[in-house]
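First the structure, in the form of structure tokens, and then the observations on it.
Protein chains: 2
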Amino acid sequence: MQIGIIGSGNVGGTLGSRWAQAGHEVIFSSRNPQSPQMHDLAAKGGRTARAAPVAEAAKAEVLLLATPWEATEAALRSAGSLAGKTLIDATNPLLNLDGLTLGTTTSGGEQVAGWAQGAKIVKAFNTVGYNIMADPKFSAGNAVLFYCGDDTDAKQTVRKLTEELGFDPVDAGPLTQARTLEPFALLWISLAFRSGMGRDFAFQLLRR
Amino acid sequence: MQIGIIGSGNVGGTLGSRWAQAGHEVIFSSRNPQSPQMHDLAAKGGRTARAAPVAEAAKAEVLLLATPWEATEAALRSAGSLAGKTLIDATNPLLNLDGLTLGTTTSGGEQVAGWAQGAKIVKAFNTVGYNIMADPKFSAGNAVLFYCGDDTDAKQTVRKLTEELGFDPVDAGPLTQARTLEPFALLWISLAFRSGMGRDFAFQLLRR
């Protein structure tokens, strides 16, 4: 397969190098034609890898878009027409660790905090179905349960309650992380009820 | 521990029953004081479980909020002051399978689709760090890699590319699911760089 890499940073570099190793023809590109990292990737990628301007990399049949969000629009403009191309979008419109520049700017958890004045809100048990709450233990391991909130003691209480049920609890940070846990729930629900996966799945935290 | 359940549906019922079994004092409540499900839960919950009005359940030291989103504000109003309480928020402000009523109403992936007119966008490789892309295999299993998009053939191509790298690919649905995959990335990034977990973790799909 011919794969054009738009944005030769950590993500584009790692994936492009691995695909080149697998025998694909990989064309690295960058907004900076003199990018040392891009030329290094092309040199180390062997006979099936090379560096080229964005517009040339964009001629490949499959494209990986791996630009910083703020460089994404300009990169796509310099790529020319992409009609009919398969474009893998690996970007994220990150604003900071609390939000995205698009979409997620608040959450139900924060709204609840506004309604329940003074309460120590812990967002939890919103990311898996009740069937998983009934039995979070799978043969391969225990389901992860994310929680977030701004009160340390309240979070410790909730952590114990999740452990008692057999979950592997993970502290996702302050209450603003409900902005990520609520979309996570939407992902679970969509997989369960639209993608035909059914309700009986969950996620395990993998560590090395 | 004394635990008040606000909303005795599937989630409140499952968690409350399990906590009652574990010996906690559980008070089920519902917006409908005659709710058969609530009274059934209280009866089956043994000596440590009972049903009560929301305002009484809300007197417990720890509260589980497990209401349908549209009933949440009214439930909290009827609970009275919650100052100082530990409130576990298990709600999700779901609009439908494509979005949330708060927060996530669009995504970078959809923005990219607007810029790359005619391209077959597949959102992928945005939910784990490049170090996981370099090696998605953990001793306990392979990392999951979500992708979404509107073109079946393009998605099949991307699926193969993820499998070659050692990922366990999961089709998350249409491109609108970028609204869940981008916050998922934010969760990964926040755990890696703010919660002190470091970069070397991922998630495995668990099925029974």
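Order-wise, the sequence lines are chains A and B.
Everything in the first sequence is counted per the working numbering, starting at 1 for the first residue and increasing by one.
Everything in the second sequence is counted per the working numbering, starting at 209 for the first residue and increasing by one.
Each residue gets a CB set at the ideal place from its N, CA and C atoms; glycine is no exception.
- Between Ser216 of chain B and chain A, the shortest Cβ-Cβ separation is not below 9 Å.
- Taking a cut-off of 8 Å on C-beta distances, the segment 9–18 of chain A touches the segment 56–67 of chain A, as three or more cross pairs fall below it.
- According to the DSSP assignment, Gln210 of chain B belongs to the beta strand (DSSP E) that extends over Gln210 to Ile214.
- Looking at the DSSP output, Ile235 of chain B shares a beta bridge with B:Gly212 and B:Arg258.
- In this chain, the beta strand (DSSP E) harbouring Ala202 of chain A covers Phe201 to Arg207.
- Along the segment 32–51 of chain A, none of the residues has a CB nearer than 8 Å to a CB of chain B.
- Residue pairing for Lys123 of chain A: DSSP places it in a beta bridge opposite A:Cys148 and B:Asp297.
- Residue contact with chain B for Val54 of chain A: absent (no Cβ-Cβ distance below 9 Å to any residue of chain B).
- Of all residues in the segment 59–86 of chain A, the ones placed with a Cβ closer than 9 Å to any Cβ belonging to chain B are Glu61, Val62, Leu63, Leu64, Leu65, Ala66, Trp69, Thr72, Glu73, Leu76, Arg77, Ala79, Ser81, Leu82, Ala83, Gly84, Lys85 and Thr86, in chain order.
- Inter-residue distance for Phe146 of chain A and Pro174 of chain A is about 12 Å (C-alpha atoms, whole angstroms).
- Residue environment: Asn126 of chain A is assigned as buried (16 or more neighbouring CB atoms within 10 Å of its CB, all protein chains considered).
- Nearest Cα to Leu394 of chain B within the set B:Pro261, B:Gln242 and B:Gly316: B:Gly316.
- For Met246 of chain B and Met341 of chain B, the gap between their C-alpha atoms comes out near 47 Å.
- At a cut-off of 9 Å between beta-carbon atoms, Asp359 of chain B makes contact with chain A.
- Cβ neighbours of Thr256 of chain B within its own chain (closer than 8 Å, five residues either side excluded): Ala228, Gly231, His232, Glu233 and Val234.
- With the rule of 3 Cβ pairs closer than 8 Å, the segment 156–174 of chain A does not count as touching the segment 353–368 of chain B.
- Assignment of Gly349 of chain B by DSSP, reduced to helix, strand and coil, places it in the strand class.
- Under the 9 Å criterion on CB atoms, Phe236 of chain B is classed as non-interfacial with respect to chain A.
- For a cut-off of 8 Å, the C-beta gap from Val336 of chain B to Ala386 of chain B is around 15 Å, too long to register as a contact.
- Against chain B, the CB of Pro169 of chain A has no partner CB under 9 Å away; the residue lies outside that interface.
- In the structure shown, the three-state DSSP call for Val219 of chain B is helix.
- Listed along the chain, the chain B residues whose CB falls inside 7 Å of the CB of Glu164 of chain A are Ala230.
- Taking a 10 Å sphere around the C-beta of Gln34 of chain A, we find fewer than 16 other C-beta atoms and assign the residue as exposed.
- Under DSSP, Leu63 of chain A shares a beta bridge with A:Gly4 and A:Leu87.
- With respect to chain B, the C-beta atom of Glu25 of chain A has no partner C-beta closer than 9 Å.
- Under the three-state reduction of DSSP output, Pro391 of chain B falls in the helix class.
- Beta-bridge analysis with DSSP links Asp379 of chain B to B:Tyr355.
- Using a Cβ distance threshold of 9 Å, Arg239 of chain B and Ser286 of chain B count as a contacting pair.
- Here Asn131 of chain A is not near Asp40 of chain A, since their CB atoms are 9 Å or more apart.
- Ser225 of chain B and Leu284 of chain B have their alpha carbons spaced roughly 22 Å apart.
- Gly212 of chain B places its beta carbon 9 Å or farther from that of Lys252 of chain B.
- A distance of 9 Å or more separates the beta carbons of Val122 of chain A and Ile214 of chain B.
- Within the segment 174–186 of chain A, the residues whose Cβ lies closer than 8 Å to some Cβ of chain B are Gln177, Ala178, Arg179, Thr180, Leu181, Glu182, Pro183, Phe184, Ala185 and Leu186, listed in chain order.
- Against chain A, a Cβ distance below 9 Å from Gln412 of chain B picks out Ala140, Gly141, Phe203, Gln204, Leu205 and Leu206.
- In summary, the residues of the segment 106–120 of chain A whose CB is separated from some CB of chain B by less than 7 Å are Thr106, Ser107, Gly108, Gly109, Gln111, Val112, Trp115, Ala116, Gln117, Gly118, Ala119 and Lys120, in the order they occur in the chain.
- Your pair Val320 of chain B and Thr86 of chain A does not check out as a contact, with CB atoms roughly 13 Å apart and the cut at 8 Å.
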